Amino acid sequence: MRNAVQINWCQGEHMCALNIGELRALQKNCEAGPELILTRLQAGSWHVDDVFEVLRLGLIGGGMPTGEAGPLVMRAFDEVAVASLKLPAFKVLSAALYGEAGDPVGEAMGVSLTETESGASRASMEPGQ
Numbered sequence: 620m621r622n623a624v625q626i627n628w629c630q631g632e633h634m635c636a637l638n639i640g641e642l643r644a645l646q647k648n649c650e651a652g653p654e655l656i657l658t659r660l661q662a663g664s665w666h667v668d669d670v671f672e673v674l675r676l677g678l679i680g681g682g683m684p685t686g687e688a689g690p691l692v693m694r695a696f697d698e699v700a701v702a703s704l705k706l707p708a709f710k711v712l713s714a715a716l717y718g719e720a721g722d723p724v725g726e727a728m729g730v731s732l733t734e735t736e737s738g739a740s741r742a743s744m745e746p747g748q
């Protein structure tokens, strides 16, 4: 699977993937698009279902039977602080949208834009700007 990622979390190691079907279910269940959910996770303005649904659907997309994924995620919510589940959820959703860390997805293929060609100034590309 192109967007699959292995997570090591409180429930062990599992493959997770959010394919088109899971992404559609995610946006329906959370009433937000996947990138908005990713932004909420990153900004600390996430909803409980953002984390729960990303993990549940990610496990299903990674090959876990639907009937096992929900209870496994629910056990995780019962066993650890909910905020500790934010990072695995972020990893799963980020891999689905942008590829896993080190994946060349999004890298220019023989084309390089200089700062002037891209329209971005050095200052606007600095973190925190």
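Quick note: to get the numbering used here, add 619 to the position in the sequence shown (first position is 1).
Each residue gets a CB set at the ideal place from its N, CA and C atoms; glycine is no exception.
All of these numbers come straight from a predicted model, not from anything done at the bench.
- The alpha helix (DSSP H) runs of length 4 or more contained entirely in the region 661-685 are, from start to end of the chain, 667-680.
- When beta bridges are read from the DSSP output, M634 appears opposite Q625.
- In the structure shown, V699 adopts coil according to DSSP, grouped into three states.
- Excluding its 5 nearest sequence neighbours in each direction, N622 has C-beta neighbours in its own chain below 6 Å: A636, A714 and A715, listed in chain order.
- The beta carbon of N648 sits closer than 6 Å to those of E672, all from its chain and outside the five residues before and after it, given in chain order.
- Selection L645, Q630, W665 and A708 evaluated against R694 yields Q630 as nearest (Cα-Cα).
- Looking at the backbone, the Cα of S703 and that of V670 are separated by about 10 Å.
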